[in-house]
Each structure stands twice: as C-alpha cells, then as structure tokens.
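Numbering of the sequence shown is given in the numbering used here, commencing with residue 164 and proceeding in unit increments. Ideal Cβ placement from N, Cα and C applies to all residues, glycine included. Just so it is clear, the structure is predicted and the values come from calculations on it, not from any experiment.
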Amino acid sequence: MRFEPVLVNQEKLEMKIISPHLLLIAVVLLAACQSLPPLNPDLELAKRQYAEASSDAMVAENAASELERARLVLNQGEKIWLKDRDVDEVRHLSYLTQQRIKIARETAASRNADKQASQASLERARLLASDAQQQADSKSRRVAMLEQALAAKQTDRGLVVTLNDVLFDFGRANLRPSGLTAVRKLAMVMRDYPERRVLVEGHADSTGPTEYNQTLSERRAEEIKKALIAQNIESTRIEVRGYGASYPVADNNDASGRQQNRRVEIVVSDAQGQLKAR
C-alpha cells in the first residue's frame with residue numbers, strides 16, 4: 164500500500180494555534196462585562212440633571228453649596244448601587260439628589276435676581292446723583308447768569324438789584340427814560356426766568372417829614388411795578404414795599420450818603436419763587 168503525504172493548510176493551523184488565546188481574551192472580557200452593574204434609570208436621570216446644573220454658570224456661581232450637597236447624595240447613591248444594587252434606596256437617593264438640584268436652581272435664580280435688583284438700585288442711585296449734580300450745576304449756572312444779567316448783588320436775602328434815585332424825577336415817583344430802560348432790562352430777564360418773582364422795595368433819606376418819605380418810597384416801588392406790568396410781567400410775580408428812611412445804607416448827614424439812601428431795591432426770589440422780606 165502506498166501512503167500519500169497529507170498537506171496541512173497553514174492558515175488553518177495558525178487558527179488552531181491562536182484560537183485558545185482569543186478564547187481566553189473573550190472569556191476575560193465577558194467576565195468584566197458581567198461584573199459591571201446594569202444602569203439604574205433613576206440614578207442616570209439624577210446624574211444627567213446634576214451635570215446640567217453644574218454646567219450652568221448662574222447655578223455654579225450662586226448656589227455652589229447647594230450643588231455640593233446634591234453631589235454628596237448622588238455619590239452615596241452610586242456607591243450603594245455598585246455595592247448592593249438596592250433599587251429602592253437608590254431610587255430614594257436619586258430623588259433626593261433631584262430635589263437638591265431643584266433647590267440649587269431656585270436658590271441661584273433668587274440670588275441672581277437679588278444681585279440684579281441690587282445692581283439696578285445702585286445704577287438708579289448713581290443716575291439720580293448724577294441728575295441731581297447736573298441740576299445743581301445748571302442751577303448755579305442760571306443763578307450766575309441771572310446775577311450777571313441784572314448786575315445784581317448776592318446777599319443773604321438773595322439777589323438784589325439797586326436802582327438809585329437818579330432814575331426818577333427829583334422828589335417824585337416818575338421814572339426817567341434811563342429808569343424805563345432799566346425796568347425793560349429787568350422785564351426781559353424776568354421773561355427768561357419765569358419761575359422768579361421780585362420784591363420791589365422803595366427807600367428814602369431822612370430829609371423831610373417821615374410821612375412824606377414813606378409815601379414817596381411806596382409810590383416809587385409802585386411805579387416800578389406798573390412799568391413791569393406794562394412790559395407784560397404778571398402782577399402776581401411782583402410785590403411792593405415802602406420803607407421810607409427806615410433802612411439807610413449810608414450816613415444821612417451828607418449829600419452823598421443821602422443820595423445812596425434814596426433808592427429802590429429789587430429782591431429776586433429763589434427758583435421756587437420764595438422771597439425773603441425784611
């Protein structure tokens with residue numbers, strides 16, 4: 164009998180040699196997979212919610228401690244699931260985690276709203292302060308312009324414009340042309356400052372009878388008022404007083420002093436229309 168040599172396929176031989184190794188690897192992998200716990204839906208939901216809350220900058224900034232408490236409960240749930248697979252306990256811990264995440268979000272929203280309200284309040288205060296400063300600056304500028312326009316003097320009673328007696332006929336209440344020019348200028352300024360009122364005060368020197376000086380001072384004050392009304396200034400914006408020789412500003416013993424005392428003073432009110440009488 165004749166025997167023929169048997170040819171062995173090299174690839175089949177290699178497969179027979181390698182197969183035990185592959186089998187071992189497969190067994191190890193299978194064992195590893197079998198050692199991993201199945202996913203718990205409650206725990207997975209809690210983990211997703213925690214991840215979302217942690218990635219929310221507003222929550223992370225405003226509720227860090229609340230998030231940390233949620234993380235601790237979540238970690239506890241993961242440990243129990245890995246060790247005991249206690250479904251009920253893990254469900255409870257997952258629920259607690261979700262509740263703490265909810266508290267963290269609500270706390271963050273509240274604190275963020277408080278911050279925004281505080282910032283808005285500070286901004287309002289800043290704007291009000293800025294507006295008040297602008298108004299004060301504007302008021303100061305207007306007072307300075309008013310003082311300059313009237314050639315007025317700043318006193319403790321406010322701005323005072325002094326018209327001397329050369330604007331009147333001697334011993335009379337009639338305004339001379341120069342006096343009318345002064346009144347027209349005053350009226351023009353009053354039209355530019357409609358919130359202002361004036362107190363017109365007539366004064367005299369001590370020469371002559373007291374009654375005469377009193378009457379003359381009153382008539383001169385009234386004459387200024389009539390001239391202002393003629394310039395379309397409302398009468399309600401004008402008050403008049405006559406003081407005779409009661410308030411001298413110079414010595415009545417010489418001609419120069421007496422001339423200074425014969426005058427009309429126009430007191431300009433503040434921006435609220437308040438006048439300060441003697």
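Taken in chain order, the whole alpha helix (DSSP H) runs of length 4 or more contained in the stretch 222 to 274 are 227 to 246. Residue Ser432 holds the alpha-carbon nearest to the alpha-carbon of Lys316 among Gly436, Gln437 and Ser432.
In chain order, Pro200 place their CB closer than 8 Å to the CB of Arg248, counting only its own chain and leaving out the 5 sequence neighbours on each side. A check of alpha carbon separations from Val427 across Gly420, Glu364, Arg232 and Arg287 identifies Glu364 as the nearest. By the Cβ test, the stretch 397 to 408 is not in contact with the stretch 324 to 337, since fewer than three Cβ pairs between them sit closer than 8 Å. Fewer than three pairs of CB atoms, one per stretch, sit closer than 8 Å, so the stretch 257 to 266 makes no contact with the stretch 276 to 296. Per DSSP, the beta bridge partners of Thr318 are Gly321. A straight line joining the alpha-carbon of Lys348 with that of Arg289 spans about 40 Å. Ala223 and Ala216 have their C-alpha atoms roughly 7 Å apart. Contact check for Leu322 against Leu343 fails: the beta carbons are separated by 8 Å or more. In this chain, the beta strand (DSSP E) harbouring Arg404 covers Ile401 to Gly405.
Counting only residues of its own chain and dropping the five nearest sequence neighbours on each side, Ser398 has a CB closer than 6 Å to the CB of Ile392. Where Gly365 is concerned, the enclosing beta strand (DSSP E) starts and stops at Val361 to His366. Counting along the chain, the unbroken alpha helix (DSSP H) around Val352 starts and ends at Pro340 to Asp355. Looking only at Met353, Pro357, Arg335 and Thr270, the smallest Cα-Cα distance to Asn376 is reached by Arg335. According to the DSSP secondary-structure assignment, Ile429 is paired through a beta bridge with Val324 and Val363.
The beta carbons of Leu237 and Ala267 sit about 12 Å from each other, so the pair does not count as a contact at 8 Å. Contact check for Ala390 and Val346: beta-carbon distance about 4 Å, within the 8 Å limit, so the pair qualifies.
The Cβ atoms of Val352 and Leu313 lie closer than 8 Å to each other.
Taking C-beta separations shorter than 8 Å and ignoring five residues to either side along the sequence, the partners of Ser369 in its chain run Asn376, Ala408, Pro411, Asn415, Arg421 and Asn424, following chain order.
As the crow flies, the alpha-carbon of Gly436 is around 12 Å from that of Glu402.
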